[in-house]
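Residue 3 is where the sequence shown starts when you use my numbering, and the numbers rise one by one after that. C-beta atoms are modelled at their ideal positions from N, C-alpha and C, and glycine is treated no differently.
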Amino acid sequence: MKGIGTAYRRALRAQFTRRMLVLSGAPLALSLLLWGAVLWTGLQPLLDWLQGVFTDYGLFQASGSTLGMLGLGVFKVMVVPLLAIALLLPLMIGSALLFMGVIAMPAIERHVGTTQYPKLEKKQGGSFLGSVAINVGSTAVFALLWLIALPLYAVPPLAWLVQACLWAWVTSRVMSYDALAAHASREERHELMRRHRGALLAIGLASGLAGALPGIAWMGGALLSIVLFPFLAMLSLWLYIMIFLFAGLWFQYFCLQALEELRAGAPQA
3 MKGIGTAYRR ALRAQFTRRM LVLSGAPLAL SLLLWGAVLW TGLQPLLDWL
53 QGVFTDYGLF QASGSTLGML GLGVFKVMVV PLLAIALLLP LMIGSALLFM
103 GVIAMPAIER HVGTTQYPKL EKKQGGSFLG SVAINVGSTA VFALLWLIAL
153 PLYAVPPLAW LVQACLWAWV TSRVMSYDAL AAHASREERH ELMRRHRGAL
203 LAIGLASGLA GALPGIAWMG GALLSIVLFP FLAMLSLWLY IMIFLFAGLW
253 FQYFCLQALE ELRAGAPQA
C-alpha cells in the first residue's frame, strides 16, 4: 500500500502543473468536438425515437408502475431523457478514455520516465497499435456491461458502486498497458499486472468512485431541464478528462516504481 500512496502524492503534485493541463487540451478538444456535434445533431432524434418506442410498446405504463412501486413515481415523466443519457454516457466515457490512452498517456509516460526514472531501461514491450487495440476492446466491453447494468439505476447507491467497479477494471487494464508499454518487456508487464493486480484495481476503483460523479451530475441535470443536457455533457467531458489525467499519472508513477523494484529484485510494496 505504500507504493500506492507514494504514487498518489506524486500524481497529485503533477496533476495541475502547466505541462499536464496543456496535455489535457488535445483529448478534451477532440471529445468536445465529437460530442458537441453528436448532441447537436443527434440528441433530439434519439429522444424522438425513444419516445416512439415507449409509445408503441406501452413502456410508459410499465415504467411508471415500476417507478411507483419504488416510490419514484415523480420521475416517470423523465424516463425517456434519463434513458437517452444512460445510453450516451458509456460512449462518452469510452471516447474520453480512448483519446486519453492514445494521445495523452504516451506523453505522460515520457514525462514521468524522463523526470523520475531516467535510468530505467526502455524495453518497448508494447506498441501504439497494441494500445489502440486494448483501448478499443476494453472500452467496448465496458460500454456493453454498463448497458447491461442500466436497471441498477433504480437503486442509485448500487449503480454508483457497479459503475466504480467497471471503471476499476477498464482503467487498470488500459492504463497499466499504456504506463508500461515503453519501459517494460511483454513478460515484465504480465508479471507486474499479476503481482500487483489488487493494487492496480484499487487505484482503478478509487478513480472510478470519482469518475462516477460526473455521470450522476448529468443524470441529476435531466431532472431539471432537457435544455441542460448539452451543457452538462460538456462539463462532464471536462471532468472525465481531468479524472483520467490524474488516474493516468497515478498508474504511471506506480507502474514505473514497481518495474524498477522488479528489476532490482527489491521486495514489492
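- In this chain, the alpha helix (DSSP H) harbouring P47 covers G27 to D58.
- Contact holds between the stretch 246 to 258 and the stretch 6 to 23, because three or more Cβ pairs, one in each stretch, are under 8 Å apart.
- Here W51 is not near L239, since their CB atoms are 8 Å or more apart.
- When DSSP states are grouped into helix, strand and coil, E262 belongs to the helix group.
- Per DSSP, the unbroken alpha helix (DSSP H) holding E193 starts and ends at R188 to R197.
- Contact check between the stretch 146 to 166 and the stretch 188 to 201: fewer than three CB pairs, one atom from each, fall below 8 Å, which does not count as touching.
- For A181 against K124, the beta-carbon gap comes to about 13 Å, at or over 8 Å, which does not count as contact.
- When rounded, the separation of the alpha-carbon atoms in I245 and L251 is 10 Å.
- A direct Cα-to-Cα measurement between Q53 and S129 gives close to 45 Å.
- Shown here for V134: same chain residues with a beta carbon closer than 7 Å to its own, the five before and five after excluded, namely V104 in chain order.
- The C-alpha of M107 lies about 8 Å from the C-alpha of M177.
- In the structure shown, Q254 adopts helical secondary structure according to DSSP, grouped into three states.
- The Cβ atoms of G115 and W171 do not sit closer than 8 Å to each other.
- Here the alpha carbon of L45 sits roughly 12 Å from the alpha carbon of L85.
- Counting only the Cα atoms, S33 lies some 10 Å from A39.
- The beta carbon of T173 sits closer than 6 Å to those of G206, S209 and A249, all from its chain and outside the five residues before and after it, given in chain order.
- Relative to N137, the option among W42, S187, L49 and L99 whose CA is nearest is L99.
- Restricting attention to L91, T117 and L160, the CA atom closest to the CA of T141 is found in L91.
- Relative to L237, the option among A266, P47, S187 and I95 whose CA is nearest is I95.
- In the structure shown, F233 falls within a helical segment according to DSSP collapsed to helix, strand and coil.
- Between A9 and Q259, the C-beta spacing is below 8 Å.
- Residue environment for V55: exposed (fewer than 16 other C-beta atoms within 10 angstroms of its C-beta).
- Shown here for R21: same chain residues with a beta carbon closer than 8 Å to its own, the five before and five after excluded, namely H113 in chain order.
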